[in-house]
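Chains A and B, in that order, are what the protein sequence lines are. If you read the first sequence in my numbering, its first letter stands for residue 1294, the second for the next number, and so on. If you read the second sequence in my numbering, its first letter stands for residue 152, the second for the next number, and so on. Have a look at the structure below before the remarks.
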Amino acid sequence: MRRERCDLVLMSRGLTPSVHLFSQSGGTLRFDERLDAFVPGASVARERSAGGCRGIFELSAVINDGFAAGEEAAKAAGFVVVRAGSRPYPKGVDKAFSGVEPPREAFTLKSFVDFENDVTDKDIKLATREGFRSVEHVKRYTTVGMATDQGKTSNANALGITAAALDKSITQLGHTTFRMPYKPVTLGTLAGMSRASLFDPMRTTPMHEWAAARGAIFEDVGQWKRARYFPQSGEDMRTAVNRECRTVRSAVGIFDASTLGKIEVVGRHAAEFMNRLYANDFTKLETGQCRYGIVLREDGFLLDDGVVARIAAEQFHVTTTTGGAARVLGMMEDLVQTEWPELDVWLTSTTDQWAVIAVQGPEARTLLAPLTEGIDLSKTGMPHMSVREGRILGIPARLFRVSFTGELGYEVNVPADYGLAVWEAIHQAGAPYGIVPYGTETMHVLRAEKGYIIVGQETDGTVTPDDVGLSRTIGKSKSDFVGKRSLARPAMLDPDRRQLVGLLTEDPSMVLEEGAQIVPTAKYVIPTKSYGYITSAYFSANLNRSSALALVAAGRARIGQRLFVAMPDSSISVQIVHPVFIDPQEERLNG
Amino acid sequence: MVDLGDRTLGPLFSRSFSVGGFSMVPAPESCRFTFRARGAVVDTASQAFGVALPRQACSTANTGVRAALWMGPDEWLLIGPRSEKVLIERQLTEVLAGAAHSLVDVSHGEAALIMSGTKAAVALAAGCPLDLHSSVFAIGMCTRTVLAKAQIVLWRTGPLLFYVQTSRSLADYVWRFLEQAGMDLNA
């Protein structure tokens, strides 16, 4: 055996005529034993196959075949053919290859047939033993030929193996349908530019370089890079996150929330549209107010959440989760275009338009007020869940008073090209207050301390608003909204549904494992009944102990009780508690 | 108070690229609006904007200062100098008050570059499946399309001249993809 370093392995089973277009034109294929391949039979449509697509592979023969087909077509159409001349073409390879079985011991090695879908010869033989006789059924059972190349590299071998296993000839076996559209596999698909840093777009915020220069550790959120935490010299992640968490609750922190999805919903019927889509009631939301909005799927389960602000009577600034932006915009467009075309409402993605600088903590107002023009930041002038337009450091801004930390907080929205300058200026102005930049890890811990959910973490596509304690957000008097009907189904009202609760361990330093199952007894025997699972678990510097969020069957009724977290060799006793660990009266939030 | 009004920083700031047959620079700082409306409202907007919003698919109207690009049956991309942002907003909102429409500022949410040269179309073809031959994608045509894994707005402004616009956060990817395509063409 010899090892070779390589970037790419290309595999060829030889040349197979591309009979797709012929077959789609209605013609029947004929199996050519010499070529070991299907070739066009009689034409049905006004079609002529020439060259490689009918099994002629040698270059000069291909060119001559092309001339001949053209001449025949011209003659048939009543034209006189005059050859423009000819020139000698180099002699090419005239050989179709059939599959070569590598030397191997039967049943000990895998022979891949479909390299994209990882279908082996054994899978195909198993399909025939399972009783599949039709090549169409073998294809669907094994998925051979169903990858992006649509069988161009695998079908010929798959037919050969299937025919052999069934002891039939390939002519008897036939072939699968060549469905439209025909798309060649380009060399670019196999060895194109999607590699290294061009493999996938890396989306960064206007403040990315600032964070990178400060040594931020980044995490991938979809295509976005987000700063996860900002370690100071010698700090590990936990130390850094603890420091960031404490500073936000004791002083003030600054956080880059630019990746949040944003959609401008504008039009005469904007409020009506929001009311039909969101579970919340938006008719009573006044200009300058914000509301925490939830979007359900038709089946009643939570799809996305975010703050919705009414900028003007016919204009909403809608925010979505970072990962859900495209999904929500797609759903909105679908509804406007297909379900409610009578509404005058238009949707524009503004995710990249705004740099979003969250300033959170008890000093947030004192810090921002002197930098702000034309906005009254006072407690009464701009209460929690309000939005104002004005200027911050001379830049036209939308200022939100919102909080995902549970602290007094603002989100400064400025046009993105100003993002870095405004961020730096706020950071600088915050120095006397001990401001810290914080990342997504700290954001996760702070929101978990408050029992705020993250869609995709506390929800998994089977979670209703009530399951996560969001019944109050639903507009009860609304006649309809997407998902309303499903919420009334008996299973959605079952008191034993899993509900969001908090968990506390006996050992305050023990951080539970996210995803771990919750069981009724300390000594459980698998299989056992699961009461639910842990969705979030952190060490909280502000509580000076660990805490967790979990979805537990009839969880709210179990508050105060003990349950157990199943671990591979043991179990951990936990107390079920209310999921809001800090400031349940919301005095800090409304401060 | 400090005024940061001159502290703008676009995602392609100070970049330039040149290779045999193809060069790239960031487009001048612009203001951009997504404008949505139907029917007679569009004519009112055309008058106020000073450029007739094209009704024909994939076509553009351009005065050299302001441009309107057809993006859909009820959607246009309006482009002007960044210094005219407030002016354009005022010109349009004044005459359109009460009329069903949407005018959304996307000046900073989008970023654009200008490609030029004999190999510009070939470099684009590395990631764009459209036929960019000038007999098919003629001067003055625009379209929303893809460049590899990014969505772009492509506008042919000359025989060998293209305007490529994308989301701000995808601009670096689009720029570097085209750089790589340019280098591959000269390898």
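Glycine is no exception: its CB is placed at the ideal position from the N, C-alpha and C atoms.
Within-8 Å CB hit, residue i to chain A
{"i": "residue 314(B)", "result": "no"}
{"i": "residue 173(B)", "result": "no"}
{"i": "residue 166(B)", "result": "no"}
{"i": "residue 154(B)", "result": "yes"}
{"i": "residue 320(B)", "result": "yes"}
{"i": "residue 277(B)", "result": "yes"}
{"i": "residue 217(B)", "result": "no"}
{"i": "residue 288(B)", "result": "no"}
Supposed close pair residue i, residue j - CB separation, criterion 8 Å
{"i": "residue 218(B)", "j": "residue 202(B)", "result": "7 Å"}
{"i": "residue 1655(A)", "j": "residue 1700(A)", "result": "6 Å"}
{"i": "residue 1447(A)", "j": "residue 1478(A)", "result": "The Cβ separation is near 11 Å, so there is no contact."}
{"i": "residue 1583(A)", "j": "residue 1649(A)", "result": "Contact flag wrong, Cβ pair sits at about 14 Å."}
{"i": "residue 1629(A)", "j": "residue 1640(A)", "result": "7 Å"}
{"i": "residue 1660(A)", "j": "residue 1723(A)", "result": "5 Å"}
Test: residue i CB closer than 8 Å to a CB of chain B
{"i": "residue 1688(A)", "result": "yes"}
{"i": "residue 1714(A)", "result": "yes"}
{"i": "residue 1487(A)", "result": "yes"}
{"i": "residue 1733(A)", "result": "no"}
{"i": "residue 1560(A)", "result": "yes"}
{"i": "residue 1301(A)", "result": "no"}
{"i": "residue 1557(A)", "result": "yes"}
{"i": "residue 1956(A)", "result": "Absent from the model: residue 1956(A). The displayed extent of chain A is 1294 to 1884, so no value can be given."}
{"i": "residue 1643(A)", "result": "yes"}
Any non-hydrogen atom of the ligand COA within 7 Å of residue i CB
{"i": "residue 1363(A)", "result": "You won't find the ligand COA in this model; it holds no ligand whatsoever."}
Partner residues on chain B for residue i, Cβ-Cβ distance less than 7 Å
{"i": "residue 1867(A)", "result": "Within 7 Å Cβ-Cβ: nothing; residue 1867(A) doesn't reach chain B, min ~41 Å."}
{"i": "residue 1639(A)", "result": "187 and 253"}
{"i": "residue 1631(A)", "result": "Ordered by position in chain B, no residue passes the 7 Å Cβ test against residue 1631(A), which lies about 15 Å from the chain."}
Assigned secondary structure, residue i (DSSP; H/G/I helix, E/B strand, else coil)
{"i": "residue 186(B)", "result": "strand"}
{"i": "residue 281(B)", "result": "coil"}
{"i": "residue 213(B)", "result": "strand"}
{"i": "residue 1252(A)", "result": "Because chain A in this structure spans residues 1294 to 1884, residue 1252(A) falls outside the shown range and cannot be described."}
{"i": "residue 339(B)", "result": "Here chain B covers residues 152 to 338 and nothing more, so residue 339(B) does not appear."}
{"i": "residue 252(B)", "result": "strand"}
{"i": "residue 1298(A)", "result": "coil"}
{"i": "residue 1476(A)", "result": "coil"}
{"i": "residue 338(B)", "result": "coil"}
{"i": "residue 202(B)", "result": "coil"}
{"i": "residue 1837(A)", "result": "coil"}
{"i": "residue 1555(A)", "result": "strand"}
{"i": "residue 1347(A)", "result": "helix"}
{"i": "residue 1803(A)", "result": "coil"}
Nearest residue (CA-CA) to residue i, options the options
{"i": "residue 225(B)", "options": "172(B), 305(B), 252(B) and 200(B)", "result": "252(B)"}
{"i": "residue 1561(A)", "options": "1706(A), 1576(A), 1548(A) and 1551(A)", "result": "1576(A)"}
{"i": "residue 1900(A)", "options": "1324(A), 1816(A) and 1791(A)", "result": "Because residue 1900(A) is not part of the residues shown, which for chain A are 1294 to 1884, the question remains open."}
{"i": "residue 312(B)", "options": "245(B), 183(B), 197(B) and 269(B)", "result": "269(B)"}
{"i": "residue 1415(A)", "options": "1752(A), 1458(A) and 1826(A)", "result": "1458(A)"}
{"i": "residue 278(B)", "options": "1493(A), 1676(A) and 1470(A)", "result": "1493(A)"}
{"i": "residue 1474(A)", "options": "1317(A), 1420(A) and 1342(A)", "result": "1317(A)"}
{"i": "residue 300(B)", "options": "1347(A), 1455(A), 1452(A) and 1488(A)", "result": "1488(A)"}
{"i": "residue 1309(A)", "options": "1744(A), 1319(A) and 1330(A)", "result": "1330(A)"}
{"i": "residue 1552(A)", "options": "1652(A), 1826(A), 1724(A) and 1646(A)", "result": "1646(A)"}
{"i": "residue 228(B)", "options": "208(B), 154(B), 163(B) and 328(B)", "result": "208(B)"}
{"i": "residue 1335(A)", "options": "1746(A), 1319(A), 1348(A) and 1350(A)", "result": "1319(A)"}
{"i": "residue 221(B)", "options": "262(B), 295(B), 324(B) and 321(B)", "result": "295(B)"}
Interface partners of residue i on chain B, CB under 8 Å
{"i": "residue 1701(A)", "result": "Residues of chain B passing the Cβ test: none, with the nearest at roughly 22 Å."}
{"i": "residue 1718(A)", "result": "153 and 155"}
Where residue i meets chain A, residues with beta-carbon distance less than 7 Å
{"i": "residue 159(B)", "result": "1710 and 1711"}
{"i": "residue 258(B)", "result": "1708"}
{"i": "residue 295(B)", "result": "Correct list: empty, because the minimum Cβ distance to chain A is about 13 Å."}
{"i": "residue 328(B)", "result": "1486 and 1491"}
Amino acids of chain A, ordered along the chain, whose beta-carbon sits closer than 8 Å to that of residue i
{"i": "residue 267(B)", "result": "Going along chain A, no residue has its Cβ under 8 Å from residue 267(B), so there is no contact; the nearest lies around 21 Å."}
{"i": "residue 300(B)", "result": "1487, 1493 and 1494"}
Chain-ordered chain B contacts of residue i [CB-CB under 9 Å]
{"i": "residue 1474(A)", "result": "Neighbours of residue 1474(A) on chain B: none; closest Cβ ~13 Å, over 9 Å."}
{"i": "residue 1646(A)", "result": "255, 256, 257, 258, 259, 260, 261 and 319"}
{"i": "residue 1497(A)", "result": "162, 320 and 323"}
Chain-ordered chain A contacts of residue i [CB-CB under 9 Å]
{"i": "residue 331(B)", "result": "1486 and 1491"}
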